[in-house]
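The structure appears right after this line, and notes come after that.
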Amino acid sequence: MTYVLYLDAYHLGDPLFLQGLARWVAQAGPQRPSLWLVHGSGERAERLLEAQGLFPERSGGVWAVTRPEERALVERALRETNRTIVATLTDAVVPAVGIHGIDRNLMRRQADGTVVVGRIGWVRDLARQRVVPVLSTLVTDAASGQPGEAAAGAVLRALAEAMRPEAMTAVALLKADTPGIRQEGKTLAEVPAEALAGGDWLPDPAPVEALAAAGVPVLLTNRRGLLAPDGPLGTRVC
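Each residue of the sequence shown is one higher than the one before, starting from 2 at the first, in our numbering.
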């Protein structure tokens, strides 16, 4: 089983969270599950754009950028975020490799926004060596051939399809630092996907809803639950 953790903007914006995650991964040692990290441009893109007086809207989970200077800033944000995550893991003595969806024809975004995975074997080989792949959502646009940010849900869904027959579980982090959704003093084993939007449990429920609709298993937890000694703990999306 491969666990693919989506780092949303809410958690990416907290450097202490990243440091804590790196420590937990390091402490889990060789017993930890096979782990990949996926991230978007986070708050860094917004800051870079605003610093240049640019204020594009977000659409479908990504910045709706059309001008070359806007696209360049979003790409810069993705690359800088990737380097920050890899450096944080490396500082904690966790082997990690930064990867972008544009690398080695890994991912292409179609006209309808769906993402198609090409050659993924080399990334899987890294993970088998206990290296943590840190994958940004910077992909190649199939029509223009230019790099651009893809929606996290589309990237995670494409990864799940490409990994078959190996099983993959997508992991989304809760706003509350708990290993699962807590109600009335108990951790819920499951939660319906349609309840997520109104539950205020997730910083960004849209990717999780998209994954659940596509039949991709999703676990809602925190870093402690993901790396629990007896295996990942949390609330499953049904």
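Note that CB positions come from ideal geometry on N, CA and C, so glycine has one too.
Query: Counted within 10 angstroms of its Cβ, other Cβ atoms place D9 as buried (16 or more) or exposed; Result: buried
Query: Simplified DSSP assignment, three categories, for I86; Result: helix
Query: Heavy atom of the ligand GTP within 7 angstroms of G226 beta-carbon; Result: Judged by which ligands are present, the structure shown has none, so any question about the ligand GTP falls away.
Query: Endpoints, alpha helix (DSSP H) assigned at V209; Result: A207 to A214
Query: For P208 and Y7, believed in contact at Cβ under 8 angstroms, the rounded distance; Result: 6 angstroms
Query: Neighbourhood of L156 by C-beta, 8 angstroms cutoff - its chain only, sequence neighbours within 5 removed; Result: For clarity, residue 156 is Val in the given sequence; the question names Leu instead. Within the same chain, V156 has close Cβ partners V39, G102, M108, V116, L136, T138 and V140.
Query: Where L17 falls, given that 16 or more other Cβ within 10 Å makes a residue buried; Result: exposed
Query: The stretch 59-70 / the stretch 88-105 touching (three or more Cβ pairs under 8 angstroms); Result: no
Query: Extent of the continuous beta strand (DSSP E) to which P148 belongs; Result: P148 to E150
Query: Helix, strand or coil at E185 according to DSSP, with G and I counted as helix; Result: coil
Query: Proximity below 8 angstroms, CB of T236 to CB of A190; Result: yes
Query: Residue(s) in a DSSP beta bridge with S60; Result: V63
Query: Boundaries (first-last residue) of the beta strand (DSSP E) holding D142; Result: L139 to D142
Query: Anticipated Cβ contact below 8 angstroms, G149 with R72, distance rounded; Result: 6 angstroms
Query: Proximity below 8 angstroms, CB of S35 to CB of A128; Result: yes
Query: When R131, Q28 and L19 are compared against R84, the one with the closest alpha-carbon; Result: L19
Query: DSSP-derived helix/strand/coil call for L220; Result: strand
Query: Sub-8 angstroms separation of L234 and R33 beta-carbons; Result: no
Query: Backbone secondary structure at M169 - three-state DSSP; Result: strand
Query: Collapsed DSSP secondary structure at A97 in the structure displayed; Result: strand
Query: Contacts around E167, its chain only, beta-carbon distance under 7 angstroms, and the 5 residues preceding and following it disregarded; Result: T3
Query: Under 8 angstroms between C-beta atoms of L13 and T91; Result: no
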